[in-house]
Amino acid sequence: MSTSTAAPTGPDATSADATAVRESALRAAAAAPAVRAAGGAAIDAALRGAAALLRERASELLEVNAADVTAAEAGGMAQGLLDRLRLTPERLADIAHQLEVLADTPEPQTQRFVRSLPSGERVFERRVPVGVIGAVFEARPNVTVDVASQVLKARSAAVLRTGSAALGSARALVERVLGPALEAAGVPAAAVQLVPTPGHAGAEALVGLPALVPLVVVRGSGEVTRKLSALGAAAGTRVLAHADGGGVLYLDSSAEPALVERLVDEGTDRLGVCNRLNLLLIDRPAYDRLWPVAERALRARSITPSLPPHGHALGHEWALDSGSEAHVTVAAVDGPIDAAHTAARETSGLAATVCAADEGAATAFIDAYTGTGVFWNATTRLLDGYKLLGLPETGINVDHTPGPRGPVTYPDLSLRQFVVLPAERG
38 MSTSTAAPTG PDATSADATA VRESALRAAA AAPAVRAAGG AAIDAALRGA
88 AALLRERASE LLEVNAADVT AAEAGGMAQG LLDRLRLTPE RLADIAHQLE
138 VLADTPEPQT QRFVRSLPSG ERVFERRVPV GVIGAVFEAR PNVTVDVASQ
188 VLKARSAAVL RTGSAALGSA RALVERVLGP ALEAAGVPAA AVQLVPTPGH
238 AGAEALVGLP ALVPLVVVRG SGEVTRKLSA LGAAAGTRVL AHADGGGVLY
288 LDSSAEPALV ERLVDEGTDR LGVCNRLNLL LIDRPAYDRL WPVAERALRA
338 RSITPSLPPH GHALGHEWAL DSGSEAHVTV AAVDGPIDAA HTAARETSGL
388 AATVCAADEG AATAFIDAYT GTGVFWNATT RLLDGYKLLG LPETGINVDH
438 TPGPRGPVTY PDLSLRQFVV LPAERG
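Going by the numbering used here, the letters in the sequence shown line up with residues 38 to 463, in that order.
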């Protein structure tokens, strides 16, 4: 891993975006010690202050966001992405509420006893801040607050980089909400940096400064996320991200029609999100009985099924298919184990649901599925930090290696340190 704070090398290293990223990272690094020293009470006060400002300044924030949405519509942005970009009074209220929930959440123990060594010394495990944590996200202004609040709660400073579509809304949230709330609580406003330029070179630069920004959370899917993860790995930066998503719903032969209809409906309430219903698997012996039930539910949502033979990969993620988001792939499988293996093999392994009245079938599916989240008679839309854990999330990680997996929240954004102290005096 690099120990230099120099700008990353490469064809875009001297671009305006890369320069802006490095300057933002340096400001965040300078503010990070004050964030660590501020203490939990000050950070929690800042989060509550931000919630109050969100409510107080809602009309001006919505006005800025409306301008972003109008510009994105004129540029031909797909409906799924527009849904992510758009703020509403209800969404602002939800963001404010989540900030207050986070502020009221007791922090995990900073230090815990592990064991006493045979020689008498005591071993402790301690959580220490990362220092500076970066985030890359596109048309999702709410992520500005989600990530910043989690990073602050973890006692680190943040460098946020978003795309041009959401930049105006993100800037308003940082300058009119987060910055003033931090200052009022005695925490440097510089602890939350927003990269002022939206070019892709900035995202690539952010994952290329491991000495300044050793951890970067990437919110998004597709080829860009895969590229950023690879660039980060090459540079020595830890990147938490998932490039591909898509929820799976398996309808077992024992599934009850009313529950089938509900799960299809709940899984397609929003089409531009990664945990939506994307692939519908039906137990072959029950296909003729259950497919008409699921088809009615899809039709009620104006969703077109993609039926066999498929002209695309079985796990094709419709949320990323601009203009074709309102699709769900349908296929037959041979029982719960085949369904679980198909879900894991054909998709990113984000989340899968088994719809079954038979506990044995449900257990077989759960035991065979190796993905990040598995649900029995509950929608994959629950794979979300706030819905699942009661905390806002920085993102979702689907790594198949040890480390934070699933919704990543602030306790995951810290380093493990071992402390050895002398034996207690008798």
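Virtual Cβ for every residue (Gly too), placed ideally from N, Cα, C.
Nearest to LEU327 by C-alpha distance, out of ALA393, ARG462, GLU93, is ALA393.
DSSP, read as helix, strand or coil, puts SER156 in coil. For ILE319, the enclosing beta strand (DSSP E) begins and ends at 314-320.
It is roughly 21 Å from the alpha-carbon of GLU260 to the alpha-carbon of ALA363.
ALA67 and ARG73 have their C-alpha atoms spaced approximately 11 Å apart. For ARG256, there is no enclosing alpha helix (DSSP H); the residue is part of the beta strand (DSSP E) that begins and ends at 252-256.
Unbroken alpha helix (DSSP H) runs of no fewer than 4 residues, entirely contained in the segment 197-276, are found at 201-210, 216-221, 237-243, 260-272, following chain order. Judged by DSSP in its simplified three-state form, GLY304 adopts helix.
Residue environment analysis places GLY269 among the buried positions, since at least 16 neighbouring C-beta atoms fall within 10 angstroms of its C-beta. Taking 8 Å as the cut-off, the beta carbon of VAL254 is found closer than this to the beta carbon of ILE170. The shortest CA-to-CA distance from ALA55 to any of PRO233, GLY168, ALA130 is the one to PRO233.
Taken through DSSP and simplified to helix, strand or coil, LEU286 comes out as strand.
HIS364: not part of any alpha helix (DSSP H); member of the beta strand (DSSP E) spanning 364-370, first to last residue. Taking a 10 Å sphere around the C-beta of VAL224, we find 16 or more other C-beta atoms and assign the residue as buried. Taking every protein chain shown into account, the CB of GLY463 has fewer than 16 other CB atoms within 10 angstroms, so this residue is exposed. A distance below 7 Å between beta-carbons, with the five flanking residues on each side excluded, links LEU231 to the following residues of its chain, in chain order: LEU197, ALA207, ARG208, VAL211.
The segment 263-283 and the segment 235-253 touch, with no fewer than 3 CB-CB distances between them shorter than 8 Å. Judged by their CB atoms, VAL301 and LEU314 are nearer to each other than the 8 Å cut-off. In the structure shown, GLY408 falls within a coil segment according to DSSP collapsed to helix, strand and coil.
In this structure ASP289 is not in contact with ARG321, their Cβ atoms being roughly 11 Å apart against a cut-off of 8 Å.
Taking C-alpha positions only, ARG163 is separated from LEU84 by approximately 24 Å. Judged by beta-carbon spacing, VAL160 lies beyond the 8 Å limit of LEU452, meaning their Cβ atoms are not closer than that value.
With respect to the 8 Å criterion, ALA172 and ASP105 are not classified as neighbours on the basis of their beta carbons. Using a Cβ-Cβ distance cut-off of 8 Å, the segment 419-430 and the segment 345-352 are not in contact, since fewer than three pairs of beta carbons, one from each stretch, lie closer than that value. Excluding five sequence positions before and after ILE132, the CB atoms of its chain that fall closer than 7 Å to its own CB belong to LEU91, ASN179, VAL182, given in chain order. Going by DSSP, ASN434 is part of the beta strand (DSSP E) stretching over 432-434. A direct Cα-Cα distance of roughly 26 Å separates LEU99 from ALA240.
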